[in-house]
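**Student:** These protein sequence lines map, in sequence, to chains A and B. Position in the first sequence counted from 1, then plus 11, gives you my numbering. Position in the second sequence counted from 1, then plus 11, gives you my numbering.
Protein chains: 2
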Amino acid sequence: MVFAFRLDARSGVPTYLQLVDQVRRGLLLGYLHDGDQLPTVREVAAALVVNPNTVAKAYRELERAGLVTPRAGQGTFVTGSVDQVPAVTYARLARGLRTWLRGARDAGLDDEQVRALVATVLDDQARAGAA
Amino acid sequence: MVFAFRLDARSGVPTYLQLVDQVRRGLLLGYLHDGDQLPTVREVAAALVVNPNTVAKAYRELERAGLVTPRAGQGTFVTGSVDQVPAVTYARLARGLRTWLRGARDAGLDDEQVRALVATVLDDQARAGAA
DNA sequence: CCCTGTGTACTATCTTCCTAGTACAAGCGA
DNA sequence: TCGCTTGTACTAGGAAGATAGTACACAGGG
């Protein structure tokens, strides 16, 4: 499957930042590898119904971070990596998280409640770590 | 413990939205109940070093949603409610999540990687659910 | 060479968010 | 009544995000 972006208009996060984050996550979790091509600026703009400039801004940011390299006439390709933890570890953790998530669904939690719970636990931890 | 707000400047989410979300989360997870008082506009503004207008905007939004009611000279109080997760269920799920989180920390994941992993798993699920 | 598709650059405009500063109305207690 | 605290309203401005439209440079294929 080709890499596909997804936008959450209700989150309040700027569009270009959502795109940057998703590429970073793709690299972190092994969805994207060195040499992979990202969809072109115009493709993304058309698919998400946003301005090409917004997509270009995201790609420029990724280039500045050394994660991708543009090739005129061809597209934008992954040339860097932020992968620091073995894929096996990610797979194991993702599996554990999905198991937990199933339990939350069984308990009747909807999407918003799940996100609220996750955000709260992470917040609490950050708060404790800062103290 | 009095309800306390927390800001993440790097998230890109507008300040007033972060405040609104945190109150909603507090209600969802049973941290806040009918009759509880929120910190005053000026208290929050001073604690977070933001403009009082920004806090007022958040409180106005919460009032518009029917979750809180302002009382002149006294403060802002919780008067509404949303579907709550039973305390026992919440405690069990939070415990499970903390256990998983400990495993992630042990595997060497930093804060950003944890958030990326969680976001991706939730995204994948939303994507699968939409299909 | 010419055409196409790619990323990029530029200006201009609009909206939202945030800030600053000031002022006002309502409730409480001495 | 007076003083304090509360939420609220208002104007003004700066900064960031997103859009629209146009134009250019580069690479590849015919």
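For each residue, glycine too, the CB sits at the ideal point set by N, CA and C.
Short check: CB of Val24(A) to CB of Val89(B), under 7 Å?
**Tutor:** Not a contact, by the Cβ cut-off of 7 Å.
**Student:** For the structure I just gave you, are there three or more beta carbon pairs, one from the stretch 97 to 107 of chain A and one from the stretch 100 to 116 of chain B, closer than 8 Å?
**Tutor:** Because the criterion of three Cβ pairs below 8 Å is met, the stretch 97 to 107 of chain A and the stretch 100 to 116 of chain B touch.
**Student:** Using the beta-carbon of each residue, which ones in chain B are nearer than 7 Å to Gly23(A)?
**Tutor:** Near Gly23(A) (Cβ distances below 7 Å), the residues of chain B are Val24, Pro25, Leu28.
**Student:** Tell me, please, which residues DSSP counts as bridged to Pro81(A).
**Tutor:** Partner(s): Thr87(A).
**Student:** Is Val61(A) near Thr26(A), with beta carbons less than 7 Å apart?
**Tutor:** Yes, Cβ-Cβ distance for Val61(A) and Thr26(A) is below 7 Å.
**Student:** At the level of alpha carbons, what is the spacing between Val99(A) and Ser92(A)?
**Tutor:** Distance between the alpha carbons of Val99(A) and Ser92(A) is about 17 Å.
**Student:** Considering only residues of the same chain and omitting the five flanking positions on each side of Val34(B), which have a CB-CB separation below 6 Å?
**Tutor:** Excluding sequence neighbours, Val34(B) sits near Leu73.
**Student:** Have a look at Gln136(B) and Ala67(A) and give me their C-alpha separation to the nearest angstrom.
**Tutor:** Taking the straight line joining both Cα atoms gives about 28 Å.
**Student:** Can you check which of these residues, Arg17(A), Ser22(A), Leu38(A), His44(A), is closest to Arg126(A) by C-alpha distance?
**Tutor:** The option with the nearest alpha carbon to Arg126(A) is Ser22(A).
**Student:** Give me the Cα-Cα distance between Asp32(A) and Arg71(A), rounded to the nearest whole angstrom.
**Tutor:** One C-alpha to the other measures close to 13 Å.
**Student:** Please say whether Gly37(B) and Leu43(B) have beta carbons closer to each other than 7 Å?
**Tutor:** Against a cut-off of 7 Å, the Cβ pair of Gly37(B) and Leu43(B) comes out as a contact.
**Student:** Just verifying my parser: in three-state terms, what is the DSSP assignment at Gln48(A)?
**Tutor:** Correct three-state label for Gln48(A): strand.
**Student:** Applying the 10 Å Cβ sphere with the 16-neighbour rule, what's the burial state of Gln85(A)?
**Tutor:** When all chains shown are included, Gln85(A) counts as exposed.
**Student:** Could you tell me if Ala69(A) is buried or exposed, where buried requires 16 or more neighbouring beta carbons within 10 angstroms of its beta carbon?
**Tutor:** Flag for Ala69(A) reads buried.
**Student:** Whole angstroms are fine: how far does the CA of Ala130(A) sit from the CA of Arg17(A)?
**Tutor:** For Arg17(A) and Ala130(A), the distance between alpha carbons rounds to 20 Å.
**Student:** By DSSP, does Asn64(B) sit in helix, in strand, or in coil?
**Tutor:** Residue state, collapsed to three classes: helix.
**Student:** Please list, in chain order, the residues of the stretch 86 to 101 of chain A that have any C-beta partner in chain B closer than 8 Å.
**Tutor:** Per Cβ criterion, the list reads Gln95, Val96, Thr100, Tyr101.
**Student:** For the candidate residues Pro81(A), Pro97(A), Gly114(A), Gly140(A), whose alpha-carbon lies nearest to that of Val39(A)?
**Tutor:** According to the sequence provided, residue 39(A) is Leu. The question's Val does not apply to it. Among Pro81(A), Pro97(A), Gly114(A), Gly140(A), the Cα nearest to that of Leu39(A) is on Pro97(A).
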